[in-house]
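Step one of this worksheet: look at the structure below.
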Amino acid sequence: MTKDIFTYLIGGKAGQGTKKAGIVAANFFSDLKREVFQNNDYPSLIRGGHNFSVVSTSTTKIYSHYMQADLAVVLDQRSYDIHQHHLSAHGVIVYNADKVKGNGIGLPLSSEAKKYENPDLIEGVAGIAVLAAFLNVDTKRLDDIIRQEYGHHVEDNLSYAHTIYKIAQEKLPKKITLKQGDKKHVTLSGSDAIGLGAAAAGLDIYFAYPMTPSTPLLHFFASNGKKLGIITVQPENEIAVANMAIGAACTGARAMVGTSGGGFCLMQEAFSLAGMAEAPVLFCLGQRPGPSTGVPTYTEQAELLFSLYQGQGEFPRIVASPGTIEESFYLAAELLNLVWRFQTPGILLFEKHLSESSMSVVLNAEKTTWAEPLLHKTGDFKRYRITKDGISPLLFPPSESMIKWSSYEHDEQGFTTETADGITQMHEKRLQKQHTLIEELKQMHTVNTFGETELLIFTFGSTTMSVLEALDYAGIKATVIQPIYLQPFPSWEFERYKNKKTIVVEQNSTGQLEQLLREKVGIIPVSSIRQYDGRPFDPVDLATKIKKVT
Amino acid sequence: MDTISTTVENTWCPGCGNFGIVNALKKAVELLEKNGMKRSHLMISSGIGCHGKIFEYVNLNGLYSIHGRSMATVEGMKLGNPALKVVAFAGDGDAYGEGIAHMIFAAKRNADITVIVHNNGAYALTTGQFSPTSKKGFKGPSRPEGNVEDPLNPLSLLLEAGATFVARGYAGKIDHLADLIVKAVTHEGFSIIDVLQPSVVFNNTYKVYNELAEIVPKPAETFEEAMRLTKDMKDRIPIGIFYVVEKPIFHKELMGEWNPVQNKMNREKRIQLIKESI
């Protein structure tokens with residue numbers, strides 16, 4: 174292994190501050206001008222259970238965390254039992270000696286914590302103190318970190334951190350000094366990137382009912398909306414969410430909604446309404462393992478086909494899935510634009526692994542476009558005017574001219590029609606819009622390609638990051654092809670990949686991307702690598718699998 | 080022809096209570112305009128059913144929504160541009176069946192919308208099945224031997240949920256209904272008018288409503304008295320405004336005087352703010 178990687182893992186019960194410790198560690202690595210990738214693993218509960226956060230850092234680009242920790246800090250027995258198997262060749266496990274029976278380095282984390290108020294919550298601080306000791310960070314720097322990150326009960330935290338730091342320094346067998354990187358990066362979660370991207374395109378209002386893994390997006394807008402001039406609304410259910418967004422769109426407000434599979438099921442009739450009424454709304458669909466309630470706080474890619482085909486009737490829709498956190502920023506902005514230009518619903522499809530992981534990013538907010546629809550200027554207004562490209566200019570209230578949007582099949586004015594000609598005319602209008610959309614996509618960057626070798630690896634969504642990291646880690650030469658747009662599917666980009674040695678990597682059990690490639694472009698892979706255990710791929714494990722099939 | 084009617088062919092059954100409602104609406108819009116409201120600032124929506132056709136019989140801006148969702152649709156319109164007045168039309172199946180959650184929550188949060196329910200106690204457009212407000216024993220093609228459920232009392236429910244304007248109208252008393260609509264639209268907060276609407280084919284209630292409908296002279300002084308009015312259905316059917324109260328309205332609680340489409344931040348400012356985050 175040539176890549177300079179350091180991985181820190183902290184595990185404990187929910188409520189012990191493991192995620193926070195992961196964030197603090199990531200910020201510390203960023204301050205060293207290193208790149209980071211942070212993954213948080215937690216069950217669907219508030220207290221107890223088993224949570225852990227893994228942060229991998231490198232001086233070069235890093236697209237995934239690694240499940241081989243160089244330093245693991247475990248706060249309870251369950252974490253020890255699980256993570257003793259997650260160590261790198263020279264990895265060190267530090268455990269809470271008051272609660273864990275094990276081999277490694279035991280420190281009195283609980284008995285020292287008991288000297289302070291709120292002992293359970295403070296133990297995450299120990300994780301940072303141990304990390305500081307392991308990395309030869311001096312106490313002054315440790316103090317700064319604690320003051321900055323753990324401002325609540327700061328004196329207790331400082332005192333506790335010092336105690337643990339001293340004990341750890343004595344007990345740790347060896348220490349490491351991390352190399353500095355070249356450039357300080359901002360660390361951003363997928364959710365924050367999506368939120369900022371939509372904001373950059375002119376979002377006015379966000380509607381959502383809480384549901385993992387889209388909840389962080391709701392929280393992003395709730396806490397940043399005021400500053401950005403974006404309203405956040407949490408209605409009674411997903412049906413209200415989608416219908417309110419459509420109502421808001423009729424007034425010209427750029428509206429977006431966020432949900433997950435179950436919530437999106439409830440939105441289907443409204444999604445279809447948006448298709449018929451030609452209402453521009455962007456739907457953020459975060460995937461977790463299904464079916465049904467499934468595994469709420471884990472990751473999967475089993476809603477690809479669902480997103481392409483749900484909603485009754487035929488109408489244009491735009492579905493796209495970002496491969497990286499950086500791409501989710503630009504894609505959210507681009508989709509908000511497209512749904513307004515084409516007046517049809519769009520889906521930003523992502524996974525828990527994208528929305529709730531964080532990584533170092535470089536973003537240019539200027540490289541986004543403000544979502545502007547085609548507006549009616551003069552003459553008689555007809556909401557569904559027949560035009561050459563299928564797109565009717567929009568007019569918003571207050572208006573003296575009549576504006577009629579409709580869920581019924583309608584004439585140009587928006588009045589219900591049941592005539593054979595009328596029905597045909599509007600079907601053809603929507604078909605024309607679809608053709609125009611495809612022509613537009615042909616001018617756009619719809620597929621990412623990484624590498625130039627004969628071996629082809631097809632993947633999509635956040636699995637792209639796992640694949641890129643696995644190849645980089647193991648030095649495997651392959652071309653990674655990631656369709657960003659999934660509907661309309663950019664078939665024109667795939668002709669050149671036919672009849673070549675192909676592998677498909679995805680996180681579902683039935684091979685949904687594989688089915689799509691077969692159906693749309695006739696590409697049949699020689700091998701498939703599928704994982705459907707709720708966990709993102711580990712790059713080392715994935716590299717082994719790729720090597721095995723090539 | 081007046082300026083509010085459209086040329087769309089009216090397909091309601093002759094004598095349907097819906098005619099009374101659309102006529103009252105037209106009168107109400109004229110009255111509202113006299114009071115200073117601009118028609119261009121009014122937006123409507125309707126659900127699906129016989130009532131929904133009202134959407135196309137009036138020259139008013141809006142969206143012909145789907146079954147049970149017109150209330151959510153107009154809530155979204157109001158949030159998008161709070162300078163607009165919004166009215167949702169709904170049938171009893173829409174408002175009290177499919178969309179009951181939206182009704183309860185719009186009342187609970189005191190969303191500044193008006194809902195006019197064409198309550199005929201039957202699913203008429205689908206040929207007469209029992210509805211949430213059908214009486215026990217009501218016979219329809221989905222329960223030929225008679226409805227086995229008791230009807231819902233929607234106004235009691237919405238009053239309890241927090242509605243700040245609760246009224247009942249009757250499609251047979253057009254001027255009275257027009258006055259209710261004017262007051263409901265003018266009211267700041269959630270206003271509901273449950274309109275007794277005879278369906279000449281599926282549930283012809285003209286006789287009983289003509290006999291029992293009794294205008295209450297003024298709203299109840301107390302919540303409890305209003306609640307009694309909503310339940311007083313034995314020897315008379317009270318119509319009129321049962322309850323009006325001022326309470327903070329949802330969009331103002333949520334965003335103060337901010338108007339998302341009128342106060343929209345320009346791109347430069349937005350991008351500058353985003354740059355600070357990244």
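So the sequence lines, in the order shown, correspond to chains A and B. To convert a position in the first sequence, counted from 1, into our numbering, add 173. To convert a position in the second sequence, counted from 1, into our numbering, add 79. Note that beta-carbon positions come from the ideal geometry of N, C-alpha and C, so glycine has one too. On a predicted model such as this, the values are computed, not experimentally measured, just so you know.
Inset, instruction - Assuming A:LEU390 contacts A:LEU659 (C-beta within less than 8 Å), just tell me the rounded distance between them. - result: 20 Å between Cβ atoms; not a contact.
Inset, instruction - Starting from the beta carbon of A:TRP665, find every residue of chain B whose beta carbon is closer than 9 Å, and list them in chain order. - result: The contacting residues do not exist; A:TRP665 stays about 32 Å from chain B at best.
Legend entry - Cβ-based burial, A:MET174 [other Cβ within 10 Å; buried from 16]: Below a pLDDT of 50, predicted positions are generally treated as unreliable, and A:MET174, at 49, falls in that range; the measurement from the model is reported next regardless. Flag for A:MET174 reads exposed.
Inset, instruction - Taking C-beta pairs closer than 8 Å, name the residues in chain A that B:VAL340 reaches, listed in chain order. - result: Within chain A, the residues near B:VAL340 are ASP377, THR424, GLY425, ALA426, PHE569.
Inset, instruction - Keeping to the same chain, check which residues put their C-beta closer than 7 Å to that of A:LYS673; ignore five residues upstream and five downstream. - result: Only GLU627, LEU629 meet the Cβ criterion.
Inset, instruction - On the DSSP bridge assignment, give the partners of A:HIS258 in chain order. - result: A:HIS258 is not bridged to any residue.
Inset, instruction - Please check if any C-beta of chain A sits within less than 8 Å of the C-beta of B:VAL87. - result: yes
Legend entry - A:ASP254 versus A:LYS718 - alpha carbon distance: 26 Å
Inset, instruction - Rank B:GLU347, B:PRO298, B:LYS132, B:SER124 by C-alpha distance to the C-alpha of B:CYS92 and give the top, closest one. - result: B:LYS132
Inset, instruction - Tell me where the alpha helix (DSSP H) around A:GLN321 begins and ends. - result: 312–322
Inset, instruction - Compare the C-beta of A:MET159 with all C-beta atoms of chain B and state if any pair is closer than 8 Å. - result: Since the first and last residues shown for chain A are 174 and 723, residue 159 of chain A lies out of range.
Inset, instruction - Tell me, please, whether the CB atom of A:PHE555 is closer than 8 Å to any CB atom in chain B? - result: Looking at the sequence provided, one finds Lys at residue 555 of chain A rather than Phe. A:LYS555 does not count as touching chain B.
Legend entry - Residue interval of the alpha helix (DSSP H) (run including B:ILE155): Before going on, a small fix: residue 155 of chain B reads as Gly here, not Ile. Here the alpha helix (DSSP H) through B:GLY155 covers 149–159.
Legend entry - Cross-chain neighbours of A:ALA372 in chain B, by beta carbon under 7 Å: ARG349, ILE353
Inset, instruction - Using the Cα positions of A:ILE702 and A:PHE631, report the straight-line distance between them to the nearest angstrom. - result: Approximately 10 Å, taken between the alpha carbons.
Inset, instruction - Confirm, please, whether the CB-CB distance from B:VAL137 to B:LYS105 is below 8 Å. - result: yes
Legend entry - Three-state secondary structure (DSSP) of A:GLN250: The three-state reading of DSSP puts A:GLN250 in helix, counting H, G and I together.
Inset, instruction - Taking all protein chains shown into account, decide if B:PHE302 is buried (16 or more other Cβ within 10 angstroms of its Cβ) or exposed. - result: With fewer than 16 other CB atoms across the displayed protein chains lying within 10 angstroms of its CB, B:PHE302 is exposed.
Inset, instruction - Anything in chain A within Cβ reach of B:ILE100, meaning under 7 Å, just list it in chain order. - result: Those do not exist, as B:ILE100 stays about 19 Å from chain A at its closest Cβ, beyond 7 Å.
Legend entry - Beta-ladder partner(s) of A:ASN621, from DSSP: A:GLN655
Inset, instruction - Kindly list the residues whose CB is nearer than 7 Å to the CB of B:TYR285, restricted to its own chain and excluding five residues on each side of it in sequence; keep chain order. - result: GLY251, PRO277
Legend entry - Proximal residues of chain B, C-beta to C-beta of A:SER580 below 8 Å: The contacting residues are ILE127, LEU142, TYR143, SER144, ILE145.
Inset, instruction - Could you tell me the distance, in whole angstroms, from the CA atom of B:ASP97 to the CA atom of B:VAL261? - result: Here residue 97 of chain B turns out to be Asn, not Asp, going by the sequence shown. So the alpha carbons of these two residues sit roughly 18 Å apart.
Inset, instruction - Find the residues of chain A that neighbour B:SER119, judging by a C-beta separation of less than 8 Å, and give them in chain order. - result: Residues of chain A passing the Cβ test: PRO570, PRO571, SER572, GLU573.
Inset, instruction - Quick one: list the residues of chain A neighbouring B:GLY335, beta-carbon separation under 7 Å, in chain order. - result: Chain A residues near B:GLY335: none, gap ~10 Å exceeds 7 Å.
Legend entry - Residue environment, A:GLN189, which counts as buried when at least 16 other CB atoms sit within 10 Å: buried
Legend entry - Contact with chain B by A:GLU507, beta-carbon distance below 8 Å: no
Legend entry - Same chain, Cβ closer than 8 Å to A:SER283, neighbours up to 5 away in sequence not counted: ASN269, ASP271, LYS272, PRO292, GLU296
Legend entry - Closest Cα partner of A:THR560 within the set A:PRO712, A:ASP553, A:SER530, A:LYS606: A:LYS606
Legend entry - N- and C-terminal bounds of the beta strand (DSSP E) containing B:MET122: 121–125
Inset, instruction - Give the straight-line distance between the Cα atoms of A:GLU573 and B:ILE83, rounded to the nearest whole angstrom. - result: 12 Å
Legend entry - Any C-beta of chain A under 8 Å from that of B:THR152: yes
Inset, instruction - For B:ASN345, name the three-state secondary structure that DSSP assigns. - result: coil
Inset, instruction - Within 10 angstroms of the Cβ of A:TRP578, are there 16 or more other Cβ atoms? Answer buried if so, exposed if not. - result: Buried: at least 16 other Cβ atoms inside 10 Å.
Legend entry - Buried or exposed (CB count within 10 angstroms, at least 16 for buried), A:ILE266: buried
Inset, instruction - Compute the distance between the beta-carbons of A:MET638 and A:VAL209, then report whether it is under 8 Å. - result: no
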